[in-house]
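First residue of the sequence shown: 1, per my numbering; consecutive thereafter.
Beta carbons are placed, not taken as given, at the ideal position from N, Cα and C, and that holds for glycine.
None of the values given here were measured: they were computed from a predicted structure.
Single-structure report; data block below.
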Amino acid sequence: MSVVVKQIHPVFVGEISGVDLTQPLTSDVANQIEAALDEHAVLVFHNQAISDEQQQAFSQNFGELENAKGGNVTKATDRRLEEGMNDVSNLGKDNKPLPRDSRQRLFNLGNRLWHSDSSFRAIPAKYSLLSARVIPDAGGNTEFADMRAAYDDLDAEFKTSLEGLICEHSLYHSRGALGFEVTEEERTETFKPVLQSLVRVHQASKRKSLYLSSHAGKIHGMPIPEARMLLRDLVEHATQPKYVYAHQWRQHDLVVWDNRCTMHRVRSFDESQPRDMRRTTVAGTEMTASQDLAA
Ligand code: OGA
Ligand code: MN
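Put into structure tokens, the structure is as follows:
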């Protein structure tokens, strides 16, 4: 089996053919896929009708699965999918679209803001793998932005001013931006803030990238309005059309992205129709910043 990669956007995103993800991969093929991710940051695989087990097995070629604990407001008893799977569908346990006022639905609306998965964890995610099991007739594209290309294009003096800046990330910031009502327990326990570098270096490619996310809400040592304004300006810069790829889903597509150097968001769709999207997440291996700074 040989992996064929075709770049489908001017700055990133590879479309892969020649791989059947229902089957175990040889380490050679897994290495070729990881090398393609190091270069292209987002990979698109078509016609991969995989089960949850196969998706988990494929994901584990690239590291350990992230423990999803604390990443959402869904109660264990309300879960539709088994542990190990992140349910990013619009469906409840009964496989029907969630009602308008469902807390789970309102929380998931946060995925429409530009973000990087798990940037609210001290050790944030490496890869996300999203499988389209059922898609709506229209809408619901997922957009990706290349944070390496966005960083490269900043002028040298501005790059220097960003060096060493540390941001506070929390689900409280992304959900707060939408006015989602957070309980006291969520605010102090589940959504406990973590610190992340604003600029990070991708280990394998050695490329620098902006590490932005809707979860970022403060910058250490900077007044909050100034920090929020800088973050807004950076997100606006980094999500210009020249850095963005919009993925229009076909059923059984699997898209893999590197959270360390991209952001993504989902666009709106008719929520009376099922959109059954299932994600596995490969855990990262290191922090981007020390967690010791006083908050
Ligand atoms: C995710 C996510 C976008 C989508 O799975 O991390 O943000 O298209 N999903 O559902
Ligand atoms: Mn996401």
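In whole angstroms, what is the alpha-carbon distance linking residue i and residue j?
| i | j | result |
| --- | --- | --- |
| D270 | L81 | 22 Å |
| Q48 | S161 | 44 Å |
| D253 | S128 | 14 Å |
| D101 | N72 | 16 Å |
| Q240 | D146 | 10 Å |
| Y211 | Y243 | 14 Å |
| L198 | A125 | 16 Å |
| A299 | P223 | Any answer about residue 299 is impossible in this case: the structure gives the chain only from 1 up to 295. |
| L154 | D78 | 45 Å |
| E53 | T22 | 9 Å |
| Q56 | I50 | 10 Å |
| A250 | I135 | First, the residue type needs correcting, since residue 250 is Arg and not Ala in the sequence shown. One C-alpha to the other measures close to 7 Å. |
| Q32 | V3 | 7 Å |
| G284 | L165 | 21 Å |
| E184 | G70 | 14 Å |
| R278 | R103 | 19 Å |
| D137 | K159 | 43 Å |
| N86 | I219 | 29 Å |
Closest to residue i by C-alpha separation, out of the options, would be which residue?
| i | options | result |
| --- | --- | --- |
| D20 | S27, H46 and E34 | H46 |
| I8 | H40, R278 and Y172 | H40 |
| V194 | L171, V88 and P225 | L171 |
| D94 | D292, P274 and E286 | P274 |
| G217 | G139, E189, K206 and M229 | M229 |
| S174 | F120, E66 and A227 | F120 |
| V255 | E236, S131 and A227 | S131 |
| A246 | V42, G221 and N141 | N141 |
| R133 | Q291, D276, C167 and G139 | D276 |
| S290 | A36, K206 and I123 | I123 |
| R207 | D152, K75 and E226 | D152 |
| V11 | F144, A68, A156 and D87 | F144 |
Name, in chain order, the residues that DSSP records as bridge partners for residue i.
| i | result |
| --- | --- |
| K218 | E168 |
| Y127 | D258 and V282 |
| F144 | Y245 and H264 |
| V44 | E15 and V255 |
| M277 | A132 |
| N86 | R279 |
Hey, is residue i's beta-carbon within less than 9 Å of any beta-carbon in chain C?
| i | result |
| --- | --- |
| H247 | No chain C is present in this structure, which holds just one protein chain. |
Starting from residue i, trace the beta strand (DSSP E) both ways and give me its first and last residue.
| i | result |
| --- | --- |
| Y211 | Premise fails: Y211 is in no beta strand (DSSP E) and is neither H nor E. |
| I16 | G14 to S17 |
| F62 | Run containing F62: none; DSSP gives neither H nor E here. |
| Q7 | V4 to Q7 |
Between which two residues does the alpha helix (DSSP H) containing residue i stretch?
| i | result |
| --- | --- |
| E53 | D52 to S59 |
| R79 | Taken as a continuous stretch (DSSP letters only), R79 belongs to no alpha helix (DSSP H), as it is neither H nor E. |
| V29 | S27 to H40 |
| R228 | I224 to A238 |
message: If we require 4 or more residues per run, which alpha helix (DSSP H) segments fall completely within the segment 155–202?
response: Counting whole runs of 4 or more residues, the segment 155–202 contains the alpha helix (DSSP H) stretches 156–162 and 171–177.
task: List in chain order: all unbroken beta strand (DSSP E) runs of 3+ residues lying wholly within the segment 90–125.
output: Runs of the beta strand (DSSP E) inside the segment 90–125: none found.
field: Shell residues, 6 Å Cβ cut-off relative to heavy atoms of the ligand GDP
entry: The ligand GDP is not part of this structure, which contains only the ligand OGA and the ligand MN.
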